[in-house]
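In my numbering, the protein residues as written are 8 to 157.
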């Protein structure tokens, strides 16, 4: 499986490709990377995102998950750049519960590209985040999209 590690303000991120689609974005570096045109395009788009020049990724994604998880991930992708929804909002849209939505967020294999950071808690808290620095990473991404310094 081809993969490429790219630097970011959140630390190294490693992108994984399978059958011409991105299947995972992991926190941290992996040795022995293999560049492909898709991985290079994803690296460029991540660079542009972190520089504030890209608001929506245009990459073929194929996250592995249950039917419900894929519905949640699709709902996440519909949340516009710089906006947030609560876990409860997404749960209502999918006729589900907030905890189930939170579970699907935590299993998102393509964080940032599928913006799980745009879903927050109902009580004003940010909720959780799977990023390398957890909630600090989520806070950084939300501030980035709001145009605020982190």
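Ideal Cβ placement from N, Cα and C applies to all residues, glycine included.
Between the Cα of residue 16 and the Cα atoms of 39, 144 and 64, which residue gives the shortest distance? Checked all of 39, 144 and 64; the closest Cα to residue 16 is 144.
Which residue comes first and which comes last in the alpha helix (DSSP H) that contains residue 84? From DSSP, the alpha helix (DSSP H) with residue 84 extends over 74 to 84.
When you compare each of 109, 34 and 84 to residue 6 by their alpha carbons, which one comes out closest? Only positions 8 to 157 of the chain appear in this structure, which leaves residue 6 out of reach.
Expressed to the nearest angstrom, what Euclidean distance is found between the alpha-carbon atoms of residue 79 and residue 54? Distance between the alpha carbons of residue 79 and residue 54: 26 Å.
Do you know offhand how far residue 153's Cα is from residue 77's? Approximately 26 Å, taken between the alpha carbons.
So what's residue 126 in DSSP terms, helix, strand or just coil? The DSSP-derived three-state label of residue 126 is strand.
Rounded to whole angstroms, what's the CA-CA distance from residue 116 to residue 68? Just pull it up for me. When rounded, the distance between both Cα atoms is 10 Å.
Closer than 8 Å is the cut-off here; do at least three beta carbon pairs connect the stretch 18 to 25 with the stretch 35 to 51? The way I'd put it, the stretch 18 to 25 does touch the stretch 35 to 51; three or more beta-carbon pairs between them come closer than 8 Å.
Between the alpha carbons of residue 74 and residue 26, how many angstroms are there, rounded? For residue 74 and residue 26, the distance between alpha carbons rounds to 20 Å.
What do you reckon, are the CB atoms on residue 125 and residue 83 nearer than 8 Å? Annotated as proximal: residue 125 and residue 83, with beta-carbon spacing under 8 Å.
Just to confirm my understanding: we take residue 105, look at its own chain, exclude 5 residues before and 5 after, and list those with CB closer than 6 Å. What are they? Excluding sequence neighbours, residue 105 sits near 94, 95 and 98.
Once the 5 residues before and after residue 10 are set aside, which same chain residues still bring their CB inside 8 Å of it? Its chain contains 21, 22, 23, 24, 37, 40, 41 and 46 as the residues whose beta carbon lies nearer than 8 Å to that of residue 10, once the 5 sequence neighbours on both sides are disregarded; these appear in chain order.
Which residue's Cα is closest to the Cα of residue 123: 148, 130 and 103? Selected option, being the one with the closest Cα: 148.
If you draw a straight line from the C-alpha of residue 150 to the C-alpha of residue 86, how long is it? Approximately 16 Å, taken between the alpha carbons.
Whose C-beta lies closer than 7 Å to the C-beta of residue 31 among residues of the same chain, with five residues either side of it excluded? Excluding residues within five positions, the ones whose Cβ falls inside 7 Å are 23, 116 and 117.
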